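A.B. asks: Positions 544 to 807 (our numbering) are the ones given, in order, by the sequence shown. For each residue, glycine too, the CB sits at the ideal point set by N, CA and C. Nothing here was measured: the structure is a model prediction, and the numbers come from that model.
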Amino acid sequence: MTASIKFIATDMDGTLLCEKKQLPSDFYDVFNQLQQKNVLFAAASGRQYQSLVNTFAPIKDEMIFIAENGTLVMHQGKELYSSTIPTNEIHDILKAVKQVQGCDIVLCGKNAAHTEATSEQALDEIRKYYHNLKLVEDLLAVDDEFIKVAVLNFNGTEEHVYPVLSPQFGDTHQVVVSAKIWLDLMDKNASKGAAIKHLQQVFDFTFEQSMSFGDFFNDIEMLRETYHSYAMANAHPEIKKLARFEAPSNNEQGVMTVIKNSVL
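1) When the distance is taken between beta carbons, is residue 657 closer than 7 Å to residue 679?
2) Taking the Cβ atom as the reference point for each residue, do residue 790 and residue 797 lie within a distance shorter than 7 Å?
3) What does DSSP give as the partner residues of residue 658 in its beta bridges?
4) In terms of DSSP beta bridges, what is residue 764 paired with?
5) Am I right that residue 687 and residue 558 are in contact with their C-beta atoms under 8 Å? What's the rounded C-beta distance?
6) What does DSSP give as the partner residue(s) for residue 700 in the beta ladder?
7) Does the Cβ-Cβ distance between residue 792 and residue 769 come in under 7 Å?
8) Closest to residue 585 by CA distance: which of 634, 554, 707 is it?
9) For residue 589 and residue 612, which I take to be in contact (beta-carbon distance under 8 Å), what is that distance rounded to the nearest angstrom?
10) Could you give the first and the last residue of the continuous beta strand (DSSP E) run that contains residue 779?
11) Using a Cβ-Cβ cutoff of less than 8 Å, which residues in the same chain neighbour residue 776 once the five nearest sequence positions on both sides are dropped?
12) Using only the alpha-carbon positions, how far apart do residue 544 and residue 804 sit?
13) Under 7 Å, do residue 582 and residue 738 count as touching if we go by C-beta distance?
14) Looking at the C-beta of residue 792, does it have a partner C-beta in chain C at a distance below 7 Å?
15) How is residue 745 classed by DSSP in three states: helix, strand or coil?
16) What residue from 659, 624, 618 has the CA that sits closest to residue 637's CA?
Below you can see the structure in the form of structure tokens.
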């Protein structure tokens, strides 16, 4: 029984959601019990804010959204924190990514996500995570406050995209493989962990009172900023080495199992 927990953050895909992209069957019951104990609950995801709001529509004003891998944090419809990238840097990134074979790009702004993608396969995948999506002819012409560039490559980003982009932008930006076919480029200091450090100050909870769940490289900083850090049984092997504890897999509703056994 971990009675001191005041904050729980969970990744979405591969973590809270099963492979069918569904919430655990008892999620809302568990959430209500957390509310009664005054435990803050955050969805921490590479997904767009609007996608997260739609997923948690019944409780959207009662939880925290750490969206776009920590570059935008929202609570009750208000921005608590953001980490933007200047337009000139965005243009450099876009031009570099376009040189990598087999990539589709999602340019993530505070107002919307934008893509030049035209194939149905790519658009189907992109729309899973970006519900407010605009199809454009030229990403370089988009006007927005930019928080992230997401790269989709069906051949695998760890093998085919990261080795190309990390040497170019790794010193100046955060370049992170966020899933088998996704990679994100963000501000150098942006991460789910940086967002949680900010929330610890805003809501007055500590490292020791924090719990998190993740499965992939974009969860590393989040796991480091929470003492009760859990890698899912289905997590990348490197994430399992980093986390203090292991939760059952996402298809076994592992997040809910841990919360029920150790927090409620």
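C.D. replies: To lay it out plainly:
1) yes
2) yes
3) 649, 678
4) None, per the DSSP bridge assignment.
5) No, residue 687 and residue 558 are not in contact; Cβ-Cβ is about 28 Å, not under 8 Å.
6) Per DSSP, none; premise fails for residue 700.
7) no
8) 554
9) 5 Å
10) Note, residue 779: premise wrong, no beta strand (DSSP E); not H, not E.
11) 789, 790, 791, 792, 795, 797
12) A caution first: residue 544 carries a pLDDT of 46, below 50, which makes its placement in the model too unreliable to give a value.
13) no
14) Any reference to chain C falls outside this structure, which holds one protein chain only.
15) helix
16) 659
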